[in-house]
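The following block contains the structure:
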């Protein structure tokens, strides 16, 4: 069941076509969440896939699954680094420092840090569009709100859907996520 939740929400990051995905998990449904994440990380980390809790409260945990190399590359992009630096993230910080800053922003501010789109691989124009205008000038809504190239984003969303479907089908046939992504 937990593999299915992860696959549904994180297929593009698992497959390496996106640097990261996040999902919210009810702690009542997964009382052993931390143990399960440790188990998965023991297998996934050797393939560069990591699962971390970004924040949690009594009822829920927000988990990020990311491809370490892809996320490091993404955060090093000049436009992304500039955006994050302007939001208070460390200039040229390590991945660990950047994730710590994201955790602080999630738990410390009264508003969700919308620059999280930088971590999730959203186009920079769409991140700024949402931060600056929320619903104004939004041209399309899919995995995120699109303010720029709608056709390019629709194609991206289609790829994410295909990826999700393919992984879920493999799980339905009895494979595990570890088996799919950590074999060989």
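In our numbering, the protein residues as written are 837 to 1020.
Just so you know, even glycine gets a beta-carbon here, dropped at the ideal spot from N, CA and C.
task = Taking only the alpha-carbon atoms, compute the straight-line gap between residue 998 and residue 848 and give it to the nearest angstrom.
result = C-alpha separation (whole angstroms): 9 Å.
inquiry  = Looking only at its chain, what residues have a beta carbon closer than 8 Å to the beta carbon of residue 962, apart from the 5 residues adjacent to it on each side?
reply    = 953, 980, 981, 982, 983, 984 and 989
ask   = Candidates 868, 892 and 948: which alpha carbon is nearest residue 860's?
value = Minimum Cα distance to residue 860 is reached at 892.
message = Just to confirm before moving on: does the CB-CB distance between residue 1017 and residue 883 stay below 8 Å?
response = yes
message = So, at 6 Å on beta carbons, what are the nonlocal neighbours of residue 851 in its own chain, with the 5 sequence-adjacent residues on each side left out?
response = 999
message = Taking the straight line between their C-alpha atoms, what separation do you get for residue 927 and residue 919?
response = 10 Å
ask   = Does the beta-carbon of residue 894 have 16 or more other beta-carbons within 10 angstroms, so that it is buried, or is it exposed?
value = exposed
message = If I measure Cβ to Cβ from residue 915 and keep anything under 6 Å in the same chain, skipping five residues before and after, which residues do I get?
response = The beta carbon of residue 915 sits closer than 6 Å to the beta carbons of 960 from its chain, once the five residues preceding and following it are set aside; these are given in chain order.
query = Below 8 Å between beta carbons: does that hold for residue 1003 and residue 843?
reply = For residue 1003 and residue 843, yes; Cβs fall inside 8 Å.
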